[in-house]
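Here is the structure we will look at, set down as C-alpha cells.
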C-alpha cells in the first residue's frame with residue numbers, strides 16, 4: 001500500500017492522505033490529484049512492508065498560478081530513507097528529468 005499524505009505537520013499521522021494504492025501500478029506514469037483545495041508544506045510517499053521496493057523516476061507537484069501550472073517540487077530539498085547507488089541519489093527525483101540517468 002502506497003500513501004501520499006500532504007500537510008504542514010512534521011508528523012505524518014496528523015496530515016490528510018491524498019491517495020492510497022494497493023499493489024503495483026501498471027502504467028509508466030501515475031497522476032494523483034488531491035482535493036481541489038489541498039494545502040501543505042510536505043509531500044510524503046511511502047510504501048509499507050519490510051521487504052517492499054519503491055522505485056520513482058520523478059516527483060512533480062503542480063499548482064495553478066495565473067492559468068498556468070507550475071511544478072513547485074522542482075529543485076527543492078528531498079529526503080529518502082535509502083537508495084541503491086550514488087547514481088540514483090534522491091535529488092534525481094526533483095531534477096525535472098523523466099529520462100534515464
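Residue numbers (full-length UniProt numbering): 1 to 101.
All residues carry an ideal CB built from backbone N, CA and C; glycine is no exception.
- Looking at the structure shown, is residue 2 part of a helix, part of a strand, or coil, going by DSSP? Confidence is the limiting factor: at residue 2 the pLDDT is only 47, short of 50, which leaves the residue's position unreliable, though a coordinate-based value still follows. Residue 2 falls in the strand class under three-state DSSP.
- Message: Going by DSSP in three states, residue 16 sits in which element: helix, strand or coil?
- Response: In the structure shown, residue 16 falls within a strand segment according to DSSP collapsed to helix, strand and coil.
- Query: Should the region 91-99 be called in touch with the region 72-83, which here means at least 3 C-beta pairs below 8 Å?
  - Reply: Because the criterion of three Cβ pairs below 8 Å is met, the region 91-99 and the region 72-83 touch.
- Find out if the Cβ-Cβ distance for the pair residue 59, residue 45 is shorter than 8 Å. A distance below 8 Å separates the beta carbons of residue 59 and residue 45.
- Going by CA-CA distance only, name the one from 90, 16, 82, 26 that's closest to residue 51. With distances taken between Cα atoms, residue 51 lies closest to 82.
- Task: Going by CA-CA distance only, name the one from 55, 71, 16, 67 that's closest to residue 26.
- Result: Closest by alpha carbon: 55.
- At a Cβ threshold of 8 Å, is residue 56 touching chain D? In the structure shown, chain D cannot be found, because there is only a single protein chain.
- residue 19 to residue 33, Cα distance in whole Å? Between the C-alpha atoms of residue 19 and residue 33 there is a straight-line separation of about 8 Å.
- Ordered along the chain, which non-local residues of its own chain (more than five positions away) have a Cβ less than 8 Å from that of residue 79? So the list reads 90, once near-sequence residues are dropped.
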